[in-house]
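Q:
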């Protein structure tokens, strides 16, 4: 099957040896090969991430179909302004990250550090708001488990958020299923937040390295691959936001 | 394999059984399942023989001594097609044959006698319609289709009767069913085959198959005084179900007389067959199974009624015909001796005894 | 005993040099950012509007709100993947990788959901 | 000078980036875990010698079979061929200096060791008794053993496996030598590639299922809890979505080994190269569509059963294709019967039985009777021990000269192969009969009429154990006293044989150029003639 392919004469392998840029690892023939390989590896890693969240989305879809009323009541406990601001933060951070990659490609060190720092701040902002939201849930005993409270769902008039959304009291059996909603809420946003924390830590490390000029010498793979990870985390949130916050607000 | 002569078949199965190499066939489905099983064994043996023959004959013919220089062969599309299509065809035959048997085993006939089985760590509790309970054993008559409605109180269990070739998992939170028709009287193994914790291997018992006459005698001798439906009626009263589910025109809940087996219109626009599984769900998760035209006012009984209690209630509702007083139970009645029907015990108004089936709190 | 280096080599087969490094201009990034922000605004707005439902069969209704919300989310995700993640300028292999991920994800969701839906079959 | 002698000292091993050294690290560690798992298997067989549970209490027995399953599956079978032989030879076969991501490769081994240590710690501190399937709600609410640490161990082992698979895919795509087109790849590479796809796509789903179980146990979330409205069956969907493809992760690399040995020892190109290559990919793809055949009797819908049973039939076909192609590779070959070939024959017979009995279980009707009995146990062990382990041993013997530079002793290893084969059949064939009789799996005690067959099985296990001990002894012996192997003792065609044994740190003096098809024995003869000519 190779007979028809164009064949060229190889250069002696040694001829290349001294032309290697310092960041090229010894076992790659060319830098392009190294860049390609690591980029592909990152994509494969994101593939595993898709499947990782895939299991959670499957569970979500099944229970949402089963316990729709409970999911509606549960989602009314979430604050759209907070969730919306978080969405904006993440989208903008994705933008600054993309700009960061561009800066690295353009070898603009100062701009790169700025972009990465902005991304870091936006990420921290996201996590901060998430903490506020979690704190609210803990206060209201909406964390599934032994202290879970059905108060807001059995008697919505006692609950600000439920009253604002105009919730009717849920029958006890349906109200109990709000725990499934919050189980999934915490599992999904928790896994997402974990990815954010990992991302933010790597970002902090990268800012230090970027200041030392590590990414502005033509070796952008690291920044680029981290960018892919960051965008993926953003995409997960793009789905989580409507699925968890925006169930039947009308 | 129906063309195999009866004699040969009997010989094969009896011979293998007598050497303890094959389980006895004691249900109607068993020979059907065995026919497929032996067909597959046959195909497998032929397949295995072909592979062994090919490998050994080539090894002998083309060993280095005899055949010092190998002849390079690329492959053969014709051969590839052959060993793709023939196995595929055979597998598809097995698939269709197997699927037919699968649907047969898990689709109980309408006239089947129902026995409820509750699995819990680590025992099986069978409840007959006549009120007979048994632990780790199951008595069934020959010549009568028996449907098991299984549920687990805790973890997954699996109700397996090898001699009948049937098996079904008992799942927490949901009824599953399986049916069989026993053919040969005797005592057979009953296993829990799904790993269910420490005493898993002690969750075994006996299935006793009896002639209809013996079975009648057994029913009479092991009655507990009240039928399952009567237990249910007591529970129904003590939970004050009748406060809403009654025949008055202004009743707050749907009338349950004759509801079993009908198609109900639900408030969400769908419709559902009112079978055991539905009744159970409607007791435990009423708001998700609201009959059209009624308000979601029914409280849930999850956590208040045990699985046995739910079974009693389901059985009661099932038998809630307009002439319920006359005909107390359905299928087992004709098997029950007339004298057994215990007098109705009434529960004094305003008093709620923790009847059988209530969860003790 | 390796080959002599004068032997012809086949540059086609290993997928080196395949990916041309394409630098996306910041203008495009800004445009995508705007698209994403608008998408977020629409999705929040749409959740407050009752978009009705579609009666496919008795008991089986498709609500338009979640469908619209998911459609917007998919669009946003596509924009992020294509431009922020440079897939539009990427190799076929990258596209294939994403395709494989989405496909397997759909298999997981689809076949599991199929089981849950068909459990009630024959019971209405 | 070779990769073994280049650097000395423990640190040079623990910090190595060399795929060959990591492969050796893996080989040592998985052998260690294999013998722990094997010892547990020995305990199981001893307990089952008598119908009563007299050697161990039932809960001890439950812990023993659970740990046997977890260790053998997650710490032996999944990494066995890929992480050792694959790690060592995939880069060499495609003419690369190393795997694409050497650090990730080392990280994978460290993760494996962390997970393994945690697994052993769990075993020492009371064990776990959920069965390796972690069935909910048993694992979430009804056992008091160390489910959490075991879950974490499996989670980490999963990531180790993901990193190995990811590394292989990248390497096979991006690191092939000039001229090494896809259809010139040895079939071992193809089958590892297929297995890697399964690792990358399947393992994360197991990871999330385990995370949800852990969360349910610790803080009490209710995704799988029936009392809170969750569906315990959903766990099984997620679990088997990984764990069915996982059996292909385990067997596919083994099939790759067989393709290599069968060709080398019959000195003939693998019959129907493309069919075998594509059948690996077909198994990988179809492997994702069949998971619910583990749940036919567990209350999934009858219609799902229909679909999953049909798809299971389709996934059985590629295995049949492989078996027949290997058989026809022998046709008009020039066959020799060294140890790897003996294991190969063992594999072909046992895998055929294992595969065909799989069809019994994929057929929904017979599955009702046979599932959850010893029939499953026998089927699984025929594929995994009879198939995979035979292939692993075939591979270890086949590549031993290349890895160590020394030959193993031929006569005694042939004897070991024979002992293994006989012991295996004695151990596991009676279990098919036991299963047909209805003996449930995971039983510490059983009705007395099953005893004879169980005694057979235990007796066989003793022989089998001996068969596995022998290689450890003579292979260790051969490290020092074995004959010097030379570069290509089998006259095999793969690129790995065209360099020195043991190989250099970067495998080849210079990057080889592939100018012939895989398994091209004429090319090999040509090379030899050239060499003779140049010497003369």
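Residue numbers (the working numbering), protein chains in the order written: chain A, 26 to 275; chain B, 3 to 363; chain C, 1286 to 1409; chain D, 30 to 565. No residue lacks a Cβ here, since even glycine has one placed at the ideal position from N, Cα and C.
(1) Taking a cut of 7 Å between CB atoms, which residues from the stretch 168-201 of chain A lie near chain B?
(2) Measuring alpha carbon to alpha carbon, tell me which residue in B/172, B/14 and B/270 is nearest residue 290 of chain B.
(3) Can you list the residues of chain B that residue 300 of chain D reaches, using a CB-CB cut of under 7 Å?
(4) Is residue 561 of chain D buried or exposed, if buried means 16 or more other CB atoms sit within 10 Å of its CB?
(5) So residue 96 of chain B packs on residue 392 of chain D, CB below 8 Å; how close in whole Å?
(6) For residue 202 of chain D and chain C, any beta-carbon pair shorter than 8 Å?
(7) Which residue's Cα is closest to the Cα of residue 130 of chain B: B/113, B/229, B/26 and B/309?
(8) Quick one: is residue 16 of chain B buried, meaning 16 or more other Cβ sit within 10 Å of its Cβ, or exposed?
(9) To the nearest angstrom, how far is it from the Cα of residue 275 of chain A to the Cα of residue 319 of chain D?
(10) With distance defined between alpha-carbon atoms, name the residue in D/199, D/329 and D/81 nearest to residue 1401 of chain C.
(11) Would residue 22 of chain B be called buried (16 or more neighbouring beta carbons within 10 Å of its own) or exposed?
(12) So which residues of chain C does residue 266 of chain D contact, with C-beta pairs closer than 8 Å?
(13) By the 7 Å beta-carbon criterion, what residues does the stretch 1318-1330 of chain C contribute toward chain D?
(14) So residue 161 of chain B packs on residue 152 of chain B, CB below 8 Å; how close in whole Å?
(15) For a contact meaning CB atoms closer than 8 Å, what does residue 290 of chain D contact in chain B?
(16) Where residue 341 of chain B and residue 217 of chain B are concerned, what is the direct C-alpha to C-alpha distance, given to the nearest angstrom?
(17) Quick check on DSSP: helix, strand or coil for residue 141 of chain B?
(18) Starting from the C-beta of residue 161 of chain D, find all residues in its chain whose C-beta is less than 7 Å away, skip the five residues before and the five after it, and write them out in chain order.
(19) List the whole-angstrom C-beta distance separating residue 115 of chain B from residue 148 of chain B, where the pair is believed to meet the contact cut-off of C-beta under 8 Å.
(20) Would residue 358 of chain D and residue 309 of chain D be called neighbours here (beta carbons separated by less than 8 Å)?
(21) Taking the straight line between their C-alpha atoms, what separation do you get for residue 415 of chain D and residue 514 of chain D?
(22) Hey, residue 224 of chain D and residue 347 of chain D: beta-carbon distance below 8 Å or not?
(23) Just checking my contact of residue 1317 of chain C with residue 1368 of chain C at CB under 8 Å: how many whole Å lie between their CB atoms?
(24) For residue 242 of chain D, which residues of its own chain have a beta-carbon under 8 Å away from its beta-carbon, when the five flanking residues on both sides are left out?
(25) Find out if the Cβ-Cβ distance for the pair residue 134 of chain A, residue 246 of chain A is shorter than 8 Å.
(26) Using a Cβ-Cβ cut-off of less than 9 Å, give me the residues of the stretch 52-74 of chain A that come near chain D, in sequence order.
(27) Just verifying my parser: in three-state terms, what is the DSSP assignment at residue 243 of chain B?
(28) Would residue 112 of chain A and residue 266 of chain A qualify as a contact pair, given that the criterion is a beta-carbon distance under 8 Å?
(29) For a contact meaning CB atoms closer than 7 Å, what does residue 301 of chain B contact in chain A?
(30) Can you pull out the residues from the stretch 315-337 of chain D whose beta carbon lies closer than 7 Å to at least one beta carbon of chain F?
(31) Quick check on the burial criterion: 16 or more other C-beta atoms within 10 angstroms. Buried or exposed for residue 1359 of chain C?
(32) When we look at the beta-carbon of residue 440 of chain D and count the other beta-carbons within 10 Å, is it buried (16 or more) or exposed?
(33) Are there 16 or more other CB atoms within 10 angstroms of the CB of residue 86 of chain D, so buried, or fewer, so exposed?
(34) Any idea which residues DSSP pairs residue 122 of chain B with across the strands?
(35) Could you please tell me which residues of the stretch 231-243 of chain D, in chain order, have their CB closer than 8 Å to any CB of chain A?
(36) Does the beta-carbon of residue 431 of chain D have 16 or more other beta-carbons within 10 angstroms, so that it is buried, or is it exposed?
A: So, from the data block:
(1) 196, 197, 198 and 199
(2) B/270
(3) 75 and 77
(4) exposed
(5) 5 Å
(6) yes
(7) B/229
(8) exposed
(9) 41 Å
(10) D/329
(11) exposed
(12) 1397 and 1400
(13) none
(14) 6 Å
(15) What residue 290 of chain D touches in chain B: nothing, since even the nearest Cβ is about 13 Å away.
(16) Reliability fails at residue 341 of chain B, whose pLDDT of 38 lies under 50, so the model's placement of it is uncertain and the value that follows must be treated cautiously. Their Cα atoms are separated by approximately 16 Å.
(17) strand
(18) 95, 98, 99 and 102
(19) 5 Å
(20) no
(21) 28 Å
(22) no
(23) 5 Å
(24) 163, 165, 168, 169, 176, 180, 253 and 264
(25) no
(26) 52, 53, 54, 58, 59, 61, 62, 63, 65, 66, 69, 70, 72, 73 and 74
(27) helix
(28) yes
(29) 197
(30) This model lacks chain F altogether; the protein chains it does include are A, B, C and D.
(31) exposed
(32) exposed
(33) exposed
(34) B/125
(35) 231, 232, 233, 234, 236, 237, 238, 240 and 241
(36) buried
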